[in-house]
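Add 31 to the 1-based position in the sequence shown for the working numbering, that's all there is to it.
Working notes for the structure below.
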Amino acid sequence: MVAVNLLESRGLSKSFAGLDAVTDVNFALPEGQIRAIIGPNGAGKSTFVGMLCGRIPATRGEIFFAGKQITDWPAHRRISSGMAYTFQITSVFAGLSTRENVALAARRVYRRDHVRVQAATDEALAKVGLANRQEQLAGDLAYGHQRLLEIAMGLVQSPRLFILDEPTQGLAESEIEGFKSLIQTLGRSSTILLIEHNMDVVMETAQFITVLDQGRTLAEGTAEAIRVNAEVQAAYLGTDNA
Ligand SMILES: Nc1ncnc2c1ncn2[C@@H]1O[C@H](COP(=O)(O)OP(=O)(O)OP(=O)(O)O)[C@@H](O)[C@H]1O
């Protein structure tokens, strides 16, 4: 069977006032895969993902999602066609309850179908383990629980592609274990693109890894192949976040 790519980029590039943040990235993500993007600080990961999501306009190149050329689509159109993403910066509404936040995200997809909104909200809260905190104001949740809430807000939209941008950043070691299994659970119903600095999380969850360095694709392969790749090791040794 020929693998179908859910997401592709061709020659994708971004320059900021003369600085080449991302250069000629050809990327292909088969449907159903858990893929991680890694790379040293400043490698271009956030810029690349920003272009995929429609937050950052590309300078050059093309993006395809589910067979459609989406390079110039605004972010909301990408979301309604099946992309969801969580940001590094917490994007929950602090003054609303945990449940209201998730229901709000569900309404983006299910609109006024109240029954589906409520059912999807229940399911997402249960999957991330926040059902017993659903009445709590989001702003009162502990940081780790807010990160789970962000995931629930993406998950509730039943995305075909779920982009997780540094989901474990700022979490305690004890919370990270739970996130690894959550990522695997999410991978059963969505294709996952994971941007992550924590190598344990990457090595344990990703089926395939793309390494960016200085805006270019440095290497791609399985966790085992990337772990022993001399170029990848050299790129990390050249920085302070090895
Ligand atoms: N809005 C911007 N204006 C100018 N330069 C930018 C902008 N955003 C990113 N850059 C530069 O582009 C390069 C890539 O940055 P980017 O944030 O994409 O890397 P990253 O791999 O996500 O890094 P980190 O792991 O530290 O988050 C860096 O040199 C950065 O300084």
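Where a beta carbon is used, it is the ideal one built from N, C-alpha and C, also for glycine.
heavy atom of ligand 1 below 6 Å from residue i C-beta
{"i": "N132", "result": "no"}
Contacting residues, own chain, Cβ-Cβ under 8 Å from residue i (five flanking each side not counted)
{"i": "T253", "result": "Q238, F239 and I240"}
{"i": "R138", "result": "V148"}
Cβ-Cβ distance between residue i and residue j below 7 Å
{"i": "D244", "j": "A265", "result": "no"}
{"i": "A150", "j": "L156", "result": "no"}
{"i": "G92", "j": "L43", "result": "yes"}
{"i": "V276", "j": "A67", "result": "Given a span of 32 to 273 for the chain in the structure shown, any question on residue 276 remains unanswerable."}
{"i": "G246", "j": "L202", "result": "no"}
{"i": "Q165", "j": "T216", "result": "no"}
{"i": "I110", "j": "I101", "result": "no"}
{"i": "A89", "j": "M82", "result": "yes"}
{"i": "P105", "j": "G126", "result": "no"}
Minimum C-alpha distance to residue i - residue among the options
{"i": "A115", "options": "G218, E227, R191 and I226", "result": "R191"}
{"i": "R147", "options": "V159, V133 and S128", "result": "V133"}
{"i": "E131", "options": "R108, A183, K99 and A106", "result": "A183"}
{"i": "A59", "options": "G98, D153, T152 and S221", "result": "G98"}
{"i": "G209", "options": "L179, I223, Q188 and S221", "result": "L179"}
{"i": "E235", "options": "S220, L213 and T222", "result": "L213"}
{"i": "V187", "options": "A173, S221, I207 and E197", "result": "S221"}
{"i": "R41", "options": "V56, F47, G49 and L50", "result": "V56"}
Neighbourhood of residue i by C-beta, 7 Å cutoff - its chain only, sequence neighbours within 5 removed
{"i": "T78", "result": "K45, A52, V53 and I87"}
{"i": "E262", "result": "L249 and A250"}
{"i": "G218", "result": "I65"}
{"i": "T152", "result": "R130, V133, A134, A137 and V187"}
{"i": "Q119", "result": "Note on Q119: pLDDT 44, under 50, position unreliable in the model; the coordinate value appears next. Answer for Q119: D196, E197 and Q200, listed in chain order."}
{"i": "K211", "result": "V232, E235 and T236"}
Cutoff 6 Å; reference residue i; Cβ partners in own chain excluding five residues on either side
{"i": "N229", "result": "T199"}
{"i": "G185", "result": "A115, T117 and F193"}
{"i": "G70", "result": "K76, V242, L243 and D244"}
{"i": "L195", "result": "T117 and L225"}
{"i": "E62", "result": "V35, L37 and T222"}
{"i": "E204", "result": "none"}
Let me have the residue list for ligand 1: C-beta closer than 5 Å to any non-hydrogen atom, ordered along the chain. F47, A52, N72, G73, A74, G75, K76, S77 and T78
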